[in-house]
Amino acid sequence: MTNHWRDIKNTDLILINGANPAEAHPVGFQWFMRAKLDPARGPGKGGGAKMIHADPRFSRTSAVSDMYLRIRTGTDVAYFGGLSNYVLQKNLHHADYVKNYTNASFIVKDSYNFKEGLFSGYDRKKRTYDADAWGYETGPDGFAHRDKTLQHPRCVFQLLKKHYSRYTPEMVSTITGIPKDAFLKVAELVGEMGRPDKVMTIVYAVGLTQHTTGGQLIRSGAVLQLLLGNMGRPGGGMNAERGHANIQGNTDHAISWEILPGYLKIPQPGQKNIDDYVTKSAPKKSDPNSWNFFGTNYKKFLVSLLKTWYGSAATKDNDFAFSYIPKPLGNSSWMTIFDRALQGKMQGLMLSGMTATSIGPDSNQVLQALAKLKWLVVMDPFPTTSSEFWHGPGMTPASVQTEVFMLPTTHWIEKDGSFVNSGRWMQWKDQVIPPQGGARHDHWITAELFQRVKALYQKNGGKFADPIMHLTMDYKDPHKPLLDEIAREINGKDLKSGKQMATFAKLADDGTTTAGDWIYTGSYTEKGNLSKRRDGVQDPAKNDPTGMGFYPNWAWSWPLNRRVMYNRASADLDGKPWDPKRPGIAWNGSKWVGDVPDYPPKMNPKDAKAWMPFIMNGEGGGRLFSSTMADGPFPEHYEPMESPVKNALHPDNSASPVAFLYDKAAGRENRFGTPDEYPIIATTYRLTEHEHFLTQQVPHLVQLAPEPFVEMPTGLAKEKNIKTGDMVRVSSKRGKMEVRAVVTNRVGQLDLGDKKAWQVGIPIHWGFVGVAADLHPERSMLWLVNALTPFVGDASARTPETKAFLVAIEKM
Amino acid sequence: MATVTRGGFLTLAGIGTAAVLVGSELGFDLAQATEIKQKLRIAGATEAHSLCPYCAVGCSLIAYTRKEADGSVKLLQIEGDPDSPVNEGRLCPKGATSMQLATSERRVGQPLYRAPGATEWQKMSWDDMLGKIAQRIKDSRDQTFVATDKKGNLVNRTDGIAFAGGAAFSSEEGYFATKVMRGLGLTHLEQQARV
């Protein structure tokens, strides 16, 4: 989230796409309802906000929304693009914001074009783009040319307007299935949100991310928000609802192949030294008034990380042990792991609180991949579909040669440490009870394994052991580090004074400072661990001084305890809040007040040299046009890989032209189905009573929601003579489920121009392990929803397309 | 101080529930009974702060424990923390039943080993398990380590081992996993955020 849960109460209009917060995030949803209903919601106009839910399935979120739109899964680029088009055609954008706070005025090179669904720079053979074709036109100083009148035919604003002019209300309706009249009603409401005294938020979840166009689905919302001037403002922003307690914290800390902690890019082969790495990785300043804070300080953040990890072995002379950081072969993401395992190139896999089998995609293929490993370590409090994979669906235990290690680990409540919520709030928890049974902490297992591997290298030698020998383990007991010690390490310290760093602004590139993750520098200072702070709603007058819901002394929020990111954009060029009733920060004549400013605290906005508001990117402004995506500088609608229709905009380039096709590249059989065989659109979802797969181990919750099912529309059920409770077989090209049918009007038929299509929904939670599976051991073998989903993902992020695929349904 | 406030909160909650559900038809004040039962359950308990382990709203929890005569610590109750600006004391069905997750009898009690081709788990000591795994990590690292790639670039990576996980454990554990796995040369490092 750019903003945070409580902040949603500050908004005027809530667009919810690819999410169902009333059921999946019910307690967070109270802030949506307060925006709608609570006369005392804060400095905004009490209550009165409107809520619009665009989702394949009518849910409890829809029931309390002002409008519900049944959208075809995976078509939100057309929805947001259509809204952007409406705003641009009617001149409803926030003109001052767009001109000064985005890259609308930047002029793009004439090598950029877009024809028949393809951007320039396309290599059909490799299925990739050369993003150099999309750069800015620059002068000899390296800065981009700009036209602040926004009239130049190649300025971003004009290109954007042209790009989305194709997204007419009729076209939006044909692609999404949303009736034109309903779409126009939404457009009218959204169009009002470009006024400085109005603000809109967009909230989304994995219903947007899990598509071959996932990154662009989200970007299309962000582009709309920039046009309306809503980024950086309380009550605004792009807000991702995360689905697990600490998915945010452990993304920040880079359990992710392509980054190092704090979103530093992973060094690539061929980058010989730090300077080379920084030149190729850091954002480049493209305007004289852009601070480019991230790019400017990139080296300091990396050197401080290397000093943290390699201590005295990281010196100026050895380039701070830059060579120790492993450089990846290529994309090394989730599906790549199983693709390589299928090819026999992966020997071992360690899973910690994450089950590959259930997560999939294409669970049957994942099971085959696990069976090709030499060894598998599962660290979890409970048995999972991965620890038990060897006697799972389609497996013959005697022929599975994988050695499996099941290590029982502690629960959240048996250890301290922080969780970081969707709103970036780092909140500390106590160790409430000691480890139960024989369980051990995950990090103590990791530490012990590391010490044993290190001892083996010391004793027997082996391949290049220097990074292992020199990895710092400066804990009282290196076998059992305390999470408090690690939290201090993450914050970092000044090696000269020995004191904890107070801010990342003071980190150095000469090896005199450490920081395990620079975005957390400031969380554990000489004042102590700030994530333990508890000044909450017990005293709102004292603890929420602005009345905006920031609660600055409750826990700690990255970066630097800032509650709304990019908040310089919440005020106009003179530093006055766009809406004085809902200030983010304001210039009081000598400094910025309000939230922790995303800006130099004393920079006078009226100074001719004042930085532009978006200090983290090279442009200094929000990117309506971006050359950082693998699939194009503007979000464009592409069909899911499996779709019943051709792309109405460009039928010859229907699906993403750059999504990586794993099975094809590896020479495996084609695993995509066609609409003739599999005519029904399917998507997946969560229930309130379950969280992912873990809650299959909680009897109360299994009692509340005991068995898997497919939710199918009344009309489709009638066609197939299926009633609620009947057993049905749901199959895709890749696998099948046998579950009960639940017939409702919450899902339905879509009118897609010259074709109509049914859409069904399947909850994700079940598998062959857990309380329900114990009751039905044989039936549960056909309960994995991801047995149906395709092994393909987003062109940039490689997030699998588990939210849009084709199935057939038959009565059993 | 906080506990006194919380007592008042519980009383109010109890009265609200009783009034809606049964009123006074039972012939005694259910609200009072509920309050007494609540108080007995957490009387003399130690109060600790926790967070919900499920989704990422980040609801704060209050957990009550008591030290038993045998020295063990018993978890008595988990409830929403009314001071939190995120949840203001509220919990969903998952958070409200998180105690059942914490005290589950379904946990794996000891390390389990499954040999290649075996049809059953066998119990194994922590020492033996960790010894075996450390050896596997070293062997796979040595067998798949690439110091210099085909283009002559220094890459120092372990191609044949992958690590995935971390959406459920503490941030500090996640950071530590990143550090150790990169230290071992792994590049296949993934988390729930991707999927």
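In order, the protein sequence lines correspond to chains U and G. Each residue of the first sequence is one higher than the one before, starting from 484 at the first, in the working numbering. Each residue of the second sequence is one higher than the one before, starting from 597 at the first, in the working numbering. Virtual Cβ for every residue (Gly too), placed ideally from N, Cα, C. Computed from a predicted model, the values in this text were never measured in an experiment.
{"Asked": "Taking a Cβ distance cut-off of 8 Å, strictly less, list which residues of the stretch 922-934 of chain U are near chain C, in chain order.", "Found": "In the structure shown, chain C cannot be found, because the protein chains are U and G."}
{"Asked": "Under 8 Å: does the beta carbon of Q1242(U) sit that close to some heavy atom of the ligand FMN?", "Found": "What this structure holds is no ligand at all, so the ligand FMN is not there to describe."}
{"Asked": "Which of helix, strand or coil does DSSP assign to F1143(U)?", "Found": "coil"}
{"Asked": "Of all the CB atoms in chain U, is at least one closer than 9 Å to the CB of R703(G)?", "Found": "yes"}
{"Asked": "Does D745(G) come within less than 9 Å of chain U when only Cβ atoms are used?", "Found": "yes"}
{"Asked": "Check the DSSP bridge columns for M1210(U) and list the partner residues they point to.", "Found": "R1223(U)"}
{"Asked": "Using the C-alpha atoms, what's the distance from L672(U) back to P1116(U)?", "Found": "27 Å"}
{"Asked": "Taking 9 Å as the threshold (C-beta atoms), are P679(U) and W429(U) in contact?", "Found": "A query on residue 429(U) cannot be resolved here, the shown segment of chain U reaching from 484 to 1295 and no further."}
{"Asked": "Q731(G) touches chain U at which residues, Cβ-Cβ below 9 Å?", "Found": "R935, V936, L939"}
{"Asked": "Hey, is the stretch 736-746 of chain U in contact with the stretch 996-1007 of chain U, meaning 3+ C-beta pairs nearer than 8 Å?", "Found": "yes"}
{"Asked": "Apart from the five residues on each side of it in sequence, which residues of its chain come closer than 6 Å, Cβ to Cβ, to G1236(U)?", "Found": "T657"}
{"Asked": "Considering Cα atoms alone, identify which of K946(U), A587(U), I969(U), A614(U) is closest to D770(U).", "Found": "A587(U)"}
{"Asked": "Just to confirm the assignment, what range does the alpha helix (DSSP H) spanning Y647(U) have?", "Found": "639-647"}
{"Asked": "Going by DSSP, name the residue or residues bridged to T642(G).", "Found": "T661(G)"}
{"Asked": "Relative to the C-alpha of F1155(U), which candidate in S905(U), L1132(U), P1127(U) has its C-alpha closest?", "Found": "P1127(U)"}
{"Asked": "Listed in chain order, which residues of the stretch 776-790 of chain G have Cβ atoms closer than 9 Å to some Cβ of chain U?", "Found": "V776, M777, R778, G779, L780, G781, L782, T783, H784, L785, E786, Q787, Q788, A789, R790"}
{"Asked": "Would a check of beta-carbon distances place A640(G) closer than 9 Å to chain U?", "Found": "For clarity, residue 640(G) is Gly in the given sequence; the question names Ala instead. No, G640(G) lies away from the interface with chain U (no Cβ there is under 9 Å from its Cβ)."}
{"Asked": "DSSP three-state label for H874(U), please.", "Found": "helix"}
{"Asked": "To the nearest angstrom, how far is it from the Cα of T494(U) to the Cα of Q884(U)?", "Found": "56 Å"}
{"Asked": "Grouping DSSP H, G and I as helix and E and B as strand, with all else coil, what is S1073(U)?", "Found": "coil"}
{"Asked": "Output, in sequence order along the chain, the residues in the stretch 1032-1060 of chain U whose CB is closer than 8 Å to any CB in chain G.", "Found": "G1032, Y1034, W1037"}
{"Asked": "Of the residues T1111(U), K1294(U), L825(U), which one's Cα is nearest the Cα of L856(U)?", "Found": "L825(U)"}
{"Asked": "Report the option in P623(U), K663(U), A1069(U), N1026(U) whose CA atom is closest to the CA atom of L1233(U).", "Found": "K663(U)"}
{"Asked": "I'd like the list of long-range same chain contacts for N752(G), defined as Cβ closer than 7 Å, with 5 residues on each side in sequence excluded.", "Found": "A743, G781"}
{"Asked": "Short check: CB of G836(U) to CB of F765(G), under 9 Å?", "Found": "yes"}
{"Asked": "For the candidate residues V1290(U), Q1242(U), D1257(U), whose alpha-carbon lies nearest to that of E1160(U)?", "Found": "V1290(U)"}
{"Asked": "Since M984(U) and D993(U) are thought to touch, with beta carbons under 8 Å apart, how far apart are those beta carbons, to the nearest angstrom?", "Found": "About 15 Å separates the two Cβ atoms, so there is no contact after all."}
{"Asked": "What are the uninterrupted segments assigned as alpha helix (DSSP H) that are 4 or more residues long and contained completely in the stretch 836-909 of chain U, given in chain order?", "Found": "839-842, 846-854"}
{"Asked": "At which residues does the alpha helix (DSSP H) containing L825(U) begin and terminate?", "Found": "817-825"}
{"Asked": "Give the secondary structure of M777(G) by DSSP, where H, G and I count as helix, E and B as strand, and everything else as coil.", "Found": "helix"}
{"Asked": "If we cut at 9 Å on Cβ distances, does L711(G) have a partner in chain U?", "Found": "The residue you asked about is not Leu; residue 711(G) is Ala in the sequence shown. A711(G) counts as touching chain U."}
{"Asked": "What residues from chain G crowd round N503(U), counting only those whose CB sits closer than 9 Å?", "Found": "Within chain G, no residue comes near N503(U); the closest Cβ sits about 12 Å away, beyond 9 Å."}
{"Asked": "Do T544(U) and A518(U) have their CB atoms nearer than 9 Å?", "Found": "no"}
{"Asked": "Below 9 Å between beta carbons: does that hold for T692(U) and G501(U)?", "Found": "yes"}
{"Asked": "With the cut-off set at 9 Å, would you say L1132(U) and R649(U) are in Cβ contact?", "Found": "yes"}
{"Asked": "For Q718(G), I'd like the list of residues in its chain whose CB is within less than 8 Å of its CB, leaving aside the five on either flank, ordered along the chain.", "Found": "L708, Y709, R710, A711"}
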